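This note's numbering applies: residue 667 is where the sequence shown begins, and numbers increase by one.
A virtual CB, placed ideally from N, CA and C, is assigned to each residue, including glycine.
Computed from a predicted structure; not experimentally measured.
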Amino acid sequence: MFPWAKSVICAAISYLPPVHEDERDKSIPRGFVARVAQSTDYHAVLRGKLDRLARNIPGARFEVCVDTNPLPERKLAALSGMAWRGRNGCVFVEGCGSWVVLGEIVTDQDLKTDDEPLPSRCGDCTICVDSCPAQAITGYGIIDHTRCISALTQASGAIDLCLRPLMHNNIYGCDICQQVCPQNADIRPQSPEFAADMFPGQSPELIHLISMTAVEFKNISSSSIGWIRRTRIRRNAAIAAGNLRNKKALEASAQMLNDDNALLRDVARWAIDKINLDCRAGEG
Ligand code: SF4
Ligand code: SF4
Numbered sequence: 667m668f669p670w671a672k673s674v675i676c677a678a679i680s681y682l683p684p685v686h687e688d689e690r691d692k693s694i695p696r697g698f699v700a701r702v703a704q705s706t707d708y709h710a711v712l713r714g715k716l717d718r719l720a721r722n723i724p725g726a727r728f729e730v731c732v733d734t735n736p737l738p739e740r741k742l743a744a745l746s747g748m749a750w751r752g753r754n755g756c757v758f759v760e761g762c763g764s765w766v767v768l769g770e771i772v773t774d775q776d777l778k779t780d781d782e783p784l785p786s787r788c789g790d791c792t793i794c795v796d797s798c799p800a801q802a803i804t805g806y807g808i809i810d811h812t813r814c815i816s817a818l819t820q821a822s823g824a825i826d827l828c829l830r831p832l833m834h835n836n837i838y839g840c841d842i843c844q845q846v847c848p849q850n851a852d853i854r855p856q857s858p859e860f861a862a863d864m865f866p867g868q869s870p871e872l873i874h875l876i877s878m879t880a881v882e883f884k885n886i887s888s889s890s891i892g893w894i895r896r897t898r899i900r901r902n903a904a905i906a907a908g909n910l911r912n913k914k915a916l917e918a919s920a921q922m923l924n925d926d927n928a929l930l931r932d933v934a935r936w937a938i939d940k941i942n943l944d945c946r947a948g949e950g
């Protein structure tokens, strides 16, 4: 892609947001958003920093990449000596754990590296493998993206019936294999850019997401989850409502039965069946 390139400068930034005590009404059905997308869109933050850094390399031709080019970002980060790869496929950076996102400056400058690739610290640990609800970690660093909940929430189209229950209330992403990792145990938030209290937050209300109009979506389209577009957000929210079996989501799901989109009508029917089934079991 960049025939003039001689070096890649690898960068990582911690995105771990602060934990807010949630004192909102617990009876309202809510979704879950992975930490990477709870607040400010990391692409803009990291690109801004890397642009400023690259402009300070005298006479350099450069291209800043933040998840926008098919670069093997994790592999480059490991080769650079900045990070090591875990069994869960994530890269780990000293002091940040795996709560990092990556970016690169590709440059025509012939830079020397002074670091060696870091060895894995996983040892015999298999906590992430054993904790993954989708059994999606199939080898060291190998994730089956046809089962991984994070990938499913981002993929377009219909979601297999047998995979829907695994998504629980996840609207975007999944943090389980990072949450359980002992290497992340003492990591604290460190980037103020990701402290903002903004959409989607950790747990957006499902009813709002299921019923989100095109106009409402326009207002949040530049948020960190906006790129999966309105249909996927509404699909994931309906599946989450079905999995939570919360009667409060019945009306919004019933309205989705009249949607123009057959995929949404299908998940609405699925969600209503799940909720009603649970209500009947409760009455019995
Ligand atoms: S993100 Fe979730 S579903 Fe995917 S591998 Fe990790 S724990 Fe499993
Ligand atoms: S949970 Fe254990 S095996 Fe998985 S990435 Fe963390 S240290 Fe490695």
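Exclusion of the five residues before and after residue 788 leaves 752, 753 as the residues of its chain whose Cβ lies within less than 7 Å of its Cβ.
In the structure shown, residue 720 falls within a helical segment according to DSSP collapsed to helix, strand and coil. For the 8 Å CB-CB criterion, residue 903 and residue 872 form a contact. Taking non-hydrogen atoms of ligand 2 into account, the C-beta of residue 788 is found less than 7 Å away from one of them. For the beta strand (DSSP E) assignment, the uninterrupted runs of no fewer than 3 residues enclosed by the stretch 779 to 847 are, from N- to C-terminal side, 803 to 805, 836 to 838. Residue 910 places its beta carbon 8 Å or farther from that of residue 836.
If you check the CB distance, residue 890 and residue 717 do not come in under 8 Å. Under the three-state reduction of DSSP, residue 751 is assigned to strand. Each of 851, 758, 821 was checked against the Cα of residue 807, and the nearest Cα belongs to 758.
In chain order, 674, 676, 770 place their CB closer than 7 Å to the CB of residue 742, counting only its own chain and leaving out the 5 sequence neighbours on each side. For residue 667, same chain residues with a beta-carbon under 7 Å away, outside a window of 5 residues either side, are 735 in chain order.
When rounded, the separation of the alpha-carbon atoms in residue 780 and residue 748 is 10 Å. The beta carbon of residue 848 sits closer than 7 Å to at least one heavy atom of ligand 2. It is roughly 43 Å from the alpha-carbon of residue 782 to the alpha-carbon of residue 831. Judged by DSSP in its simplified three-state form, residue 768 adopts strand. The closest heavy atom of ligand 2 lies 7 Å or more from the beta carbon of residue 840. Pairing residue 729 with residue 768 gives a Cβ-Cβ distance that is not under 8 Å.
According to the DSSP secondary-structure assignment, residue 763 is paired through a beta bridge with 759.
In this structure, the CA atom of residue 936 is about 14 Å from the CA atom of residue 833. Approximately 34 Å separates the beta-carbon atoms of residue 849 and residue 908; this is outside 8 Å, ruling out the contact. Within the chosen limit of 7 Å, ligand 1 reaches the beta carbon of residue 754 through at least one heavy atom. Under the three-state reduction of DSSP, residue 919 is assigned to helix.
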